[in-house]
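**Q** Mapping the sequence shown onto the UniProt record's numbering, position 114 (from 1) lands on 114, and the numbers just tick up by one. Yeah, the Cβ is synthetic: ideal placement off N, Cα and C, and Gly gets one too. Below: one structure in structure tokens.
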Amino acid sequence: MYLPIEQMPDHSRVWVYQANRPFTAPETQAIQDYLAPALTQWAAHGAGLNASFEIRFQQVIVIAVDETVNAASGCSIDASTRWFKEMGANLGIDFFDRSTAVVVGEELTLIPLAALKNNPLLSSSTPIIPLQTESLGAYRAGWLQAANTTWLQRYFA
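So this is what it looks like as structure tokens:
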């Protein structure tokens, strides 16, 4: 069942999908129109999942599932991956870009992995978007992380 993200509990499991470019307004609407019904029908072994999503920076989608109701299974997670592959193919967006997303002011900038070292946009305190987040509560409490508190810390030794 799809729920507004505000109604999802803090212990909800989170997946983060980062696009290779910002969404246009029509693309944002298409993504919303696709995900709301997909999440409404999302199930694990036939049992409905309570789930939601949020779009951040017009480039990042956060999916949340309350696993106390029903836990997401491998098959249901695979289904969500297929959604992003399908939306990506239809919209010309790569949702599986693993560049590092840094926040500069109010803007999101992607830095390819090969260009991270000695990149002028990246300092120890640069806010980055972690693609793995412990829970919806952790996301709400302070999702962006300073680069030196992530796997990027090796670049600041």
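By the three-class DSSP mapping on this structure, what secondary structure does residue 179 have?
**A** No answer is possible for residue 179: it lies beyond the span of the chain, which begins at 1 and ends at 157.
**Q** Quick one: what's Arg-13 bridged to in DSSP?
**A** Sequence index remark: in the sequence shown, residue 13 carries index 13 (1-based). Partner(s): Val-65.
**Q** What residue from Gly-137, Tyr-2 and Ile-5 has the CA that sits closest to His-11's CA?
**A** Translated into positions along the sequence shown, residue 11 becomes position 11. Here the closest residue by C-alpha is Gly-137.
**Q** Which same chain residues end up closer than 8 Å to Pro-4 when comparing Cβ atoms and leaving out the 5 residues on each side of it in sequence?
**A** Within the sequence shown, residue 4 is the residue found at index 4, counting from 1. Once the five neighbours on either side are set aside, the close Cβ partners of Pro-4 are Ser-52.
**Q** Could you tell me which of Ile-93, Cys-75, Pro-130 and Glu-86 sits nearest to Val-102, measuring between CA atoms?
**A** Translated into the one-based positions of the sequence shown, residue 102 becomes position 102. Minimum Cα distance to Val-102 is reached at Pro-130.
**Q** Residues in the same chain with beta-carbon distance under 8 Å from Thr-28, minus the five sequence neighbours each way, listed in chain order, please.
**A** In the sequence shown, residue 28 corresponds to position 28, counting from 1. Around Thr-28: Ile-55 and Gln-58.
**Q** Can you find the residues in the same chain that come closer than 6 Å, C-beta to C-beta, to Trp-15, ignoring five residues on each side of it along the sequence?
**A** Locating residue 15 in the sequence shown gives position 15, where the first residue counts as 1. If we look at Trp-15 and ignore the five residues flanking it on each side, its Cβ neighbours are Ile-63.
**Q** Whose C-alpha, out of Phe-96, Ala-141, Ser-125 and Glu-134, is nearest the C-alpha of Ala-147?
**A** For the purposes of this step, residue 147 is taken as the residue at position 147 of the sequence shown. When only C-alpha atoms are compared, the closest one is Ser-125.
**Q** Report all residues from its chain with a CB closer than 8 Å to the CB of Asp-97; omit the five preceding and five following residues, and keep chain order.
**A** If you number the sequence shown from 1, residue 97 lands on position 97. Cβ within range, chain order: Gln-18, Ala-19, Asn-20 and Leu-110.
**Q** Please report how far the alpha carbon of Gly-48 lies from the alpha carbon of Leu-152, in whole angstroms.
**A** Looking up residue 48 in the sequence shown gives position 48. Looking up residue 152 in the sequence shown gives position 152. C-alpha separation (whole angstroms): 37 Å.
**Q** Compute the Euclidean distance between the alpha carbons of Tyr-155 and Asn-118, then round it to the nearest angstrom.
**A** Stepping through the sequence shown from its first residue, residue 155 is reached at position 155. Stepping through the sequence shown from its first residue, residue 118 is reached at position 118. When rounded, the distance between both Cα atoms is 8 Å.
**Q** Pick out whichever of Thr-149, Gly-142 and Met-8 has its Cα sitting closest to the Cα of Val-69.
**A** Taking the first residue of the sequence shown as position 1, residue 69 is located at position 69. Of the listed residues, the one whose Cα sits closest to Val-69 is Met-8.
**Q** Out of Leu-113, Ile-31 and Glu-67, which one is the CA nearest neighbour of Ser-135?
**A** Looking up residue 135 in the sequence shown gives position 135. Checked all of Leu-113, Ile-31 and Glu-67; the closest Cα to Ser-135 is Glu-67.
**Q** Locate the beta strand (DSSP E) running through Phe-100, then write down its first and last residues.
**A** For the purposes of this step, residue 100 is taken as residue 100 along the sequence shown, with counting starting at 1. According to the sequence shown, residue 100 is Thr rather than Phe. Looking at the DSSP string, the run of the beta strand (DSSP E) that includes Thr-100 is 100-104.
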